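Quick note, the sequences are listed as chains A and B, same order. So the first sequence is numbered by numbering that gives the first Met the number 0: it starts at 0 and just counts up by one. So the second sequence is numbered by numbering that gives the first Met the number 0: it starts at 0 and just counts up by one. Beta carbons: idealized from backbone N, C-alpha and C, even for Gly. On a predicted model such as this, the values are computed, not experimentally measured, just so you know.
There are 2 protein chains.
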Amino acid sequence: MNSISVLLVDDHTVVRSGLKALLGTQADIGVVGEAASGEEALEAAQQHAPDVILMDLAMGAGMDGIEAIKQLRQRTPKQAIIVFTTYDSDADIVRAVDAGAMGYLLKDAAPEEIFAAVRGAVQGKSVMSAPVASRLFQQLRNPDEILTPREAELLSLLTEGLSNRDLGKRLFISEATVKTHLAHIYAKLGVETRAAAIATAIRREGMR
Amino acid sequence: MNSISVLLVDDHTVVRSGLKALLGTQADIGVVGEAASGEEALEAAQQHAPDVILMDLAMGAGMDGIEAIKQLRQRTPKQAIIVFTTYDSDADIVRAVDAGAMGYLLKDAAPEEIFAAVRGAVQGKSVMSAPVASRLFQQLRNPDEILTPREAELLSLLTEGLSNRDLGKRLFISEATVKTHLAHIYAKLGVETRAAAIATAIRREGMR
DNA sequence: ATTGGTATCAGCCAAAAGGTGGAGGGACCA
DNA sequence: TGGTCCCTCCACCTTTTGGCTGATACCAAT
């Protein structure tokens, strides 16, 4: 009975069935459930009690991946969560690891890499795609540049072109607080205007 | 022998196997080949002579999806190409259709939608996801969205985070003129702030 | 010759953004 | 317990943007 049970969380049907097909080729790994949203993931995690949860961060509507990770960690801390996503945004990596992710794979990872991550996760090993790892490493080296979770969140919304007022509404904070966060973000990114911050953020990877 | 042969082009292994698994459930559809890049796609298209090519636009390295479509259309014009991608960037849609795509599906499309698109494509029908269709329609309605050379120049500098004053200096024009151009750009892009314009411009491709 | 598009410039005004400095509460850790 | 982040908020002030209205000039096509 040493089959590793896996729960897949992704809003794309094709990605789910792709992973299922891929993981199905491994005798020691079995997909026990699927979920298309953060909410569904919470339910499914309790129902199936999987060993590993493979989760996309970007979920169309409702709860986002980071929030889902946080809640999962609270409710069922024994389950290992591996982030499996397309983009390797700086902020996402930090936030995901912070929220309690065990691994971080990009969707173009080789099948072997995925298998290794799943097997490693149950043993408490943390596996990540090479580009992700290097980025995370870079961030740890100059901690001045790391945005706090809240700042990252703000920056991400910033790249959608929102005004300070809208940012405040979206995050349920005052415009004053938005300005404070922005000032910190500018300082950390080494820019002076929101325009430059957006340009930096989007080009600096990921954030598309 | 009325099975529709399909070639899958996507740099993500999981997406390919997902599509394969999904399409495999349909008796009248068969996957005859896979490719992970534009170059591979050209080869595979000649080798397998598929009826339909399902292709992701965003391919990691090498030739991008749009270029691949163009070349495929030249070499094997009988094959129907369906774009199957995650992001519904305005520019991508227009460029893909322009390059000769028969359909445009988003990756979160329902399986039925995908089947319908494949079947429709061999009959010369063009199928697209609802959000894509509406966006395309919008674009056709205002062809005014084309920026003049000067405006494009300005927009490009804008994405570097310059202020109006700096833009003026850089282009040897007054700040007033900069503002005029910007107003025109905003109108054409359908945004109200420079922040949104930058976000749109950078994501809208090319400008990275 | 008139029209249309592009590029250039002005002035005025309201709104938004950015800079400065300060402040309190909560979490975490030594 | 004290220090250190992080998040939250406020007031005041300057600079920057954006919206509006209008103008001149060049060029090309009708």
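Quick one: grab the DSSP three-state call for residue i.
i	result
Glu42 (chain A)	helix
Gly99 (chain A)	coil
Glu159 (chain B)	coil
Leu181 (chain A)	helix
Phe83 (chain A)	strand
Ala26 (chain B)	coil
Leu104 (chain B)	strand
Thr192 (chain B)	coil
Val126 (chain B)	coil
Ser173 (chain B)	coil
Thr199 (chain A)	helix
Pro148 (chain B)	helix
Gln70 (chain A)	helix
Pro76 (chain A)	coil
Ala48 (chain B)	coil
Ala109 (chain B)	coil
Measure from the C-beta of residue i to each C-beta in chain B and report whether the shortest distance is under 8 Å.
i	result
Arg74 (chain A)	no
Asp27 (chain A)	no
Thr84 (chain A)	no
Thr176 (chain A)	no
Ala195 (chain A)	yes
Thr179 (chain A)	no
Asp10 (chain A)	yes
Ala198 (chain A)	yes
Gly17 (chain A)	yes
Leu21 (chain A)	yes
Glu42 (chain A)	no
Arg202 (chain A)	yes
Glu159 (chain A)	yes
Val14 (chain A)	yes
Thr147 (chain A)	no
Taking only beta-carbon positions, decide if residue i is within less than 8 Å of chain A.
i	result
Ser155 (chain B)	no
Lys187 (chain B)	no
Asp165 (chain B)	no
Ser162 (chain B)	yes
Lys106 (chain B)	yes
Glu111 (chain B)	no
Gly99 (chain B)	no
Val5 (chain B)	no
Val190 (chain B)	yes
Spatial neighbours of residue i within its chain, please: CB distance less than 8 Å, with the 5 preceding and 5 following residues excluded, ordered by chain position.
i	result
Gln45 (chain B)	Arg74, Thr75
Ser16 (chain B)	none
Ala196 (chain A)	Leu154, Leu157, Leu181, Ile184, Tyr185, Leu188, Val190
Ala95 (chain A)	Leu56, Gly64, Ile65, Ile68, Val82, Tyr103
Ser269 (chain A)	The requested residue 269 (chain A) is not part of the displayed model; chain A covers only 0 to 207.
Leu22 (chain B)	Val5, Ile28, Gly29, Val30, Ile113, Phe114, Val117
Arg169 (chain B)	Leu156, Leu161
Glu152 (chain B)	Leu170
Considering only the alpha carbon of each residue, which of the options lies closest to residue i?
i	options	result
Ala175 (chain B)	B:Ser162, B:Ala186, B:Leu41	B:Ser162
Glu33 (chain B)	B:Leu7, B:Thr24, B:Asp55	B:Leu7
Leu105 (chain B)	B:Val82, B:Arg118, B:Ala95	B:Val82
Arg72 (chain A)	A:His47, A:Pro49, A:Gly99	A:Gly99
Ala116 (chain B)	B:Ile201, B:Ala151, B:Ala198, B:Ile80	B:Ile80
Gln122 (chain B)	B:Thr24, B:Val51, B:Thr12, B:Ala35	B:Val51
Thr24 (chain B)	B:Val31, B:Phe114, B:Glu42	B:Phe114
Glu159 (chain B)	A:Arg202, A:Pro110, A:Asp10	A:Arg202
Leu53 (chain A)	A:Leu41, A:Asp9, A:Thr199	A:Asp9
Ala43 (chain B)	B:Val13, B:Leu18, B:Gln70, B:Leu21	B:Gln70
Lys77 (chain B)	B:Ala48, B:Thr85, B:Arg169	B:Ala48
Thr179 (chain A)	A:Glu150, A:Pro110, A:Thr85	A:Glu150
Ala35 (chain B)	B:Pro148, B:Arg169, B:His11	B:His11
Quick check: does the Cβ of residue i come within less than 7 Å of any heavy atom belonging to the ligand FMN?
i	result
Leu21 (chain A)	The ligand FMN is not part of this structure, which contains no ligands at all.
Going by DSSP, what residues sit across from residue i in a beta bridge?
i	result
Ala3 (chain B)	The question names Ala, but residue 3 (chain B) is Ile in the sequence shown. Ile3 (chain B) pairs with B:Ile28.
Val8 (chain B)	B:Ala34, B:Met54
Spatial neighbours of residue i within its chain, please: CB distance less than 6 Å, with the 5 preceding and 5 following residues excluded, ordered by chain position.
i	result
Arg140 (chain A)	With a pLDDT of only 39 at Arg140 (chain A), under 50, the local geometry of the prediction cannot be trusted, and the value read off the model is given with reservation. Within the same chain, Arg140 (chain A) has no close Cβ partners at all.
Thr85 (chain B)	Lys106
Val177 (chain B)	Asn163, Leu166, Gly167
Leu18 (chain B)	Leu7
If I measure Cβ to Cβ from residue i and keep anything under 7 Å in the same chain, skipping five residues before and after, which residues do I get?
i	result
Met101 (chain B)	Ala79, Ile80, Ile81, Ala120, Ser125
Thr199 (chain A)	Leu188, Val190
Lys171 (chain A)	Per the sequence shown, residue 171 (chain A) should be read as Phe rather than Lys. There are no such residues.
Pro110 (chain A)	Leu21
Met206 (chain A)	Note that Met206 (chain A) has pLDDT 36, beneath the 50 cutoff, so the model's placement of it is unreliable and the number below is only indicative. Only Ser88, Ser155, Thr158, Ala200 meet the Cβ criterion.
Leu146 (chain A)	Ala90, Leu154, Ile184, Lys187
Ser173 (chain A)	Gly167
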